[in-house]
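**Q** Counted the way UniProt numbering counts, the sequence shown spans residues 1 to 139.
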Amino acid sequence: MNRQRQAGFTLIEVMIVVAILGIISALAYNSYQRHVVTTYRADAQRSLVEIAQRLERCFTQRNDYRECVDDGGGTTWDSQDGHYEIFIGDLERTTFTLTARPQGVQAERDGDRCSTLTLTHTGRRDSTGSEERDDCWGL
Numbered sequence: 001m002n003r004q005r006q007a008g009f010t011l012i013e014v015m016i017v018v019a020i021l022g023i024i025s026a027l028a029y030n031s032y033q034r035h036v037v038t039t040y041r042a043d044a045q046r047s048l049v050e051i052a053q054r055l056e057r058c059f060t061q062r063n064d065y066r067e068c069v070d071d072g073g074g075t076t077w078d079s080q081d082g083h084y085e086i087f088i089g090d091l092e093r094t095t096f097t098l099t100a101r102p103q104g105v106q107a108e109r110d111g112d113r114c115s116t117l118t119l120t121h122t123g124r125r126d127s128t129g130s131e132e133r134d135d136c137w138g139l
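Next up, the structure:
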């Protein structure tokens with residue numbers, strides 16, 4: 001009797017492929033999540049620098065940061081993409097400190113790694129949270 005060999009995959013082979021795909025997918029998803037958090041953090045950084053530049057331009061004309069804010073409509077803004085709330089913490093005649101706090105989904109994803117990002121009138125960049133300042137600012 002001649003037995004013909006059947007073509008196809010065994011159940012074990014299919015299960016091995018499914019397991020490998022599951023592992024690769026899990027790794028890719030974690031990497032994607034980290035990338036999204038970092039991209040949203042860049043939104044805060046961009047907004048902090050932009051607001052600081054506006055304050056500096058105004059300061060060169062009026063010589064008082066407080067006049068720059070009162071004329072511009074408040075001391076709290078949303079970042080350009082809305083993932084952070086930005087506010088002026090310490091506002092004096094010649095100094096300011098801008099602070100960005102994550103809100104919504106970004107606050108949940110980032111957790112306490114980079115709780116806040118700050119930028120001062122001297123250009124000093126700082127952060128609070130469990131990650132190092134340079135990691136939070138991407139330096």
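For every residue, glycine included, the Cβ atom is placed at its ideal position computed from N, Cα and C.
Could you tell me if I24 is buried or exposed, where buried requires 16 or more neighbouring beta carbons within 10 angstroms of its beta carbon?
**A** By the neighbour-count rule (16 or more Cβ atoms within 10 Å), I24 is not buried but exposed.
**Q** Between the alpha carbons of A107 and R101, how many angstroms are there, rounded?
**A** Straight-line measurement puts the Cα of R101 at about 8 Å from the Cα of A107.
**Q** Select from G82, Q33, R113 the residue whose C-alpha is nearest the C-alpha of C136.
**A** R113
**Q** Does the pairing of the stretch 25-42 with the stretch 50-59 give three or more beta-carbon distances under 8 Å?
**A** no
**Q** Below 8 Å between beta carbons: does that hold for T94 and F87?
**A** no
**Q** Give me, in chain order, the residues of the same chain whose beta-carbon lies closer than 7 Å to that of D64; leave out the 5 immediate sequence neighbours on both sides.
**A** R93
**Q** Excluding sequence positions up to five away, which residues of its chain have a Cβ less than 6 Å from the Cβ of L48?
**A** L98, A100, L119
**Q** Taking all protein chains shown into account, do 16 or more other C-beta atoms lie within 10 angstroms of the C-beta of R41, making it buried, or fewer, making it exposed?
**A** The residue is buried, with at least 16 neighbouring Cβ atoms inside 10 Å.
**Q** Report the option in H121, G111, G123 whose CA atom is closest to the CA atom of S130.
**A** Comparing C-alpha distances from S130 to each of H121, G111, G123 shows the shortest one belongs to G111.
**Q** Can we count R3 as close to the ligand ATP, meaning its CB is less than 7 Å from some heavy atom?
**A** The ligand ATP is not part of the structure shown, which contains no ligands of any sort.
**Q** Note down the Cα distance separating A44 from S79, rounded to an integer number of angstroms.
**A** 6 Å
**Q** Among the candidates L117, C68, L91, F96, whose CA atom is the shortest distance from the CA of Q103?
**A** L117
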